[in-house]
Amino acid sequence: MRLANENSTSIIDRRILSVGICLMLAYWVLDAALDAAVFHEGSFAYSLVAPPVHQIVDRFLVVALLVGSSMLGQRAAKKKQGLELALQEALKSAEQERAKLVAVVEAMGDGISIQSPDLTVVYQNRVHQQIVGSHAGEPCYRAYRDESDPCPECHLQEAFRDGGLHRIEVSRPGDQGTRWYEIMGSAARDEAGVVTAGVEVMRDITERKATEQAISKQAALLQHLIDTLPNPVYYQDPSGRLIWCNAAFACWVDKPRELLVGRTLFEVASQQVSRVLQEREPAAVQVTVKETTLPRADGEERDVILYRSVFTAPEGERGGQLGVIIDITARKRAEREIIGLNAALTQQAVELQQVNRELEAFNHAISHDLRTPLTRIYSYAQLLQADAEKVDGDGANYVKGVQEGCLQVEGLLNSLLSLSRVTEVALESSTVDLSQLACQTARELQAADPERKGSVTITPGLLAVGDRQLLQVVLQNLIGNAWKYSSKTEEAVIEVGAHSTPTGDTIFFVKDNGAGFDSSRDDQLFKPFSRLHS
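Be aware that the sequence shown starts at 1, since it is given in our numbering, and climbs by one per residue.
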């Protein structure tokens, strides 16, 4: 550009010199003609070639004035042209900068508008127009709120007054529901400090408001949940001041929660309580759990588990402390009662073992001591029965009764021995096939009394978990009783099966169509040697 200007200047200077020479020659010829024709100062040739000295001077002065005027005019024109070029360059640069600024503003995700000092909308970017519509040239209070006067608490007017940044939050209905916006207003001033415009930035904060509301709800729910906890909970900052606590803690120290926040434990609790809760742990310890005793505000000592956890900031600095007091007084009391009951049960177990040993010795003594005289009585009865001609009809019945009584006593003695062995057996649980045990018992009963008419129906696949030997004893007793008490039924039917309860339990049963029993005496069914029939 500079080279072009220099070339242009050189061309103009040459033109000025050429014009000056031409003017001088033209004036020289014209003046010579005037002097010869009008003033008669000699011939035209004389005036042209050899004029007087004063004419030569006059001609040169006139030509000099003409050339100087022409040169000044050309210089002024050149300067004007340069100024016009500079002005065009400045306008072009300003337009480029304005275009860049507009492009940046248009590309921003926030709505931006500019208002004049009288609050007339001067400019709106595309986002701002999408939010509130196009209102250039209108007062903002009329365009945005349909009001005739500025708002009483206009954020832009406050920015005009104090030069600060002022914010407000507004909501506007939209196609997808209500949207929330944060509007920030500031003032633009010139070098003299006079307000030239107001700049307004409109930012969509709907998601932030939704997040804040969700966090607020969660915080309220968390506060409610922790307040419903029966355990006192508190939180201290690094200096030991209470930041927050639940209702149970306020009740423990018997002070309103509003008076606890911001104060230390030594200010709100007894010396004993504050000393226990305020104990400082080594820096490496983050969580401590210990059992101790802690008095309540009413002075009652309570057994508690004190749980304390140190909060660590993201930067790694040791933060505040969270404490939870778990009252275990009832549990401790129950533990002491259980220890006492266990001791009593242990003593009773020892005594029961002693009684069982004595009962076992008694059973063995009875079974062995009675078996010899019983055998002798039974043998004499057999001898009497063999000598039938010496015994009349009634005597034979008596002998038979003696034999049956001996057999019954023999059965009782065997039962006593079996009962004694059962109490000594250690339980060995396993999966037992009850159907197999029941079939074995039924075969033994039918083999012992082949003339009996009746049927025994056993459901296959009956499985239970228990001690096989004891379950066999149970089935032998139940099926044996069913066989015994249905003996006088013409067609005896005995059934062994199972059914499920609504709760999912399995009930095994043995039933028959025999004599049955009085349900009012069902509490005696499983008492040893108890009889429900004559």
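Backbone N, C-alpha and C fix where the C-beta goes; we use that ideal spot for every residue, glycine too. Keep in mind that this is a model prediction, so the values were computed, not measured.
Other residues of its chain near V496: CB distance less than 6 Å, five sequence neighbours each side excluded: Only A438, I458, V510 meet the Cβ criterion.
Contact under 7 Å by Cβ, W536 with P232: A question about residue 536 goes unanswered here, because the residues of the chain that appear run from 1 up to 534.
Runs of alpha helix (DSSP H) lying entirely within the stretch 267-344, each at least 4 residues, in chain order: Counting only runs of 4 or more, we get 271-277.
As assigned by DSSP and simplified to three states, the class of C245: Assignment of C245 by DSSP, reduced to helix, strand and coil, places it in the strand class.
Reduced DSSP category for V194 - H, G, I as helix; E, B as strand; rest coil: When DSSP states are grouped into helix, strand and coil, V194 belongs to the coil group.
For M71 and V62, the rounded distance between their alpha carbons: Between the alpha carbons of V62 and M71 lies a gap of roughly 14 Å.
Beta-bridge pairing of M202 - partner residues as DSSP gives them: Beta-bridge pairing links M202 to G111, I183.
Bridge partner(s) assigned by DSSP for L552: Given a span of 1 to 534 for the chain in the structure shown, any question on residue 552 remains unanswerable.
Nearest neighbour of Y181, chosen from S171, D190, R189 [CA to CA]: When only C-alpha atoms are compared, the closest one is S171.
Backbone secondary structure at Q524 - three-state DSSP: If DSSP states are grouped into helix, strand and coil, Q524 belongs with the helices.
Paired residues, beta bridge with E169 - DSSP: E169 is bridged to E182.
Residue environment, L119, which counts as buried when at least 16 other CB atoms sit within 10 Å: Buried, by the Cβ-count rule.
Meets three-Cβ-pair contact criterion under 8 Å: the stretch 233-249 and the stretch 260-272: Segments in contact, yes.
Beta-carbon proximity of A492 to G454, cut-off 7 Å: Against a cut-off of 7 Å, the Cβ pair of G454 and A492 comes out as a contact.
Three-way DSSP call (helix, strand, coil) for G514 in this model: Note: G514 maps to coil in three-state DSSP.
Residue closest to R536, alpha-carbon to alpha-carbon, out of Q403, R161, V127, Q436: A query on residue 536 cannot be resolved here, the shown segment of the chain reaching from 1 to 534 and no further.
Buried/exposed call for I507, threshold 16 Cβ in 10 Å: Exposed, because fewer than 16 other Cβ atoms sit within 10 Å of the Cβ of I507.
Pair within 7 Å by beta-carbon distance, A498 and L471: No, the pair does not count as a contact, with Cβ atoms beyond the cut-off.
Cutoff 7 Å: G405 Cβ touching any chain B Cβ: The structure shown contains no chain B; it holds only a single protein chain.
Given Q176 as reference, the closest of E200, G198, V194, T206 once Cα atoms are compared: That would be T206, whose Cα lies nearest to the Cα of Q176.
Buried/exposed call for C22, threshold 16 Cβ in 10 Å: Here C22 is exposed, its C-beta having fewer than 16 other C-beta atoms within 10 Å.
Endpoints, alpha helix (DSSP H) assigned at Q158: What sits at residue 158 in the sequence shown is Glu, not Gln. Judged by DSSP secondary structure, E158 falls within the alpha helix (DSSP H) whose first and last residues are 155-162.
Exposed unless 16 or more other CB atoms sit within 10 angstroms - verdict on Q223: In this structure Q223 is exposed. Its beta-carbon is surrounded by fewer than 16 other beta-carbon atoms within 10 angstroms.
Endpoints, beta strand (DSSP E) assigned at G454: Segment 454-458, the beta strand (DSSP E) holding G454.
Secondary structure of A426, DSSP reduced to three states: Annotated three-state conformation of A426 is coil, per DSSP.
Rounded straight-line distance, which links the Cα of I328 to that of A248: Separation of A248 and I328 (C-alpha to C-alpha, rounded to the nearest whole angstrom) is 15 Å.
Nearest neighbour of P373, chosen from L352, L341, L407, T312 [CA to CA]: The residue with the shortest Cα to Cα distance from P373 is L407.
Segment contact, 8 Å Cβ cut-off, at least three pairs: the stretch 86-99 with the stretch 135-146: No contact exists between the stretch 86-99 and the stretch 135-146.
Local Cβ density within 10 Å of N246, reported as buried at 16 or more and exposed below that: Using a 10 angstroms sphere on the CB of N246, the tally of other CB atoms reaches 16 or more, which defines it as buried.
K79 to H135 span [Cα, whole Å]: Their backbone Cα atoms lie some 44 Å apart in a straight line.
Cβ contact (3+ pairs, closer than 8 Å) linking the stretch 107-116 and the stretch 190-207: Touching, per the Cβ criterion.
Reference R468, options A297, E451, S430, closest by Cα: Comparing Cα-Cα distances from R468 to each of A297, E451, S430, the minimum goes to S430.
Sequence-distant residues of its chain with Cβ nearer than 7 Å to S270 (five each side left out): Take S270, set aside five residues on each side of it, and the residues of its chain with a beta-carbon closer than 7 Å to its own are P295, in chain order.
Among V324, V474, L413, nearest to D227 - alpha-carbon criterion: It is V324.
Length of the line joining the Cα atoms of Q88 and R75: Each residue's Cα considered, the two are about 20 Å apart.
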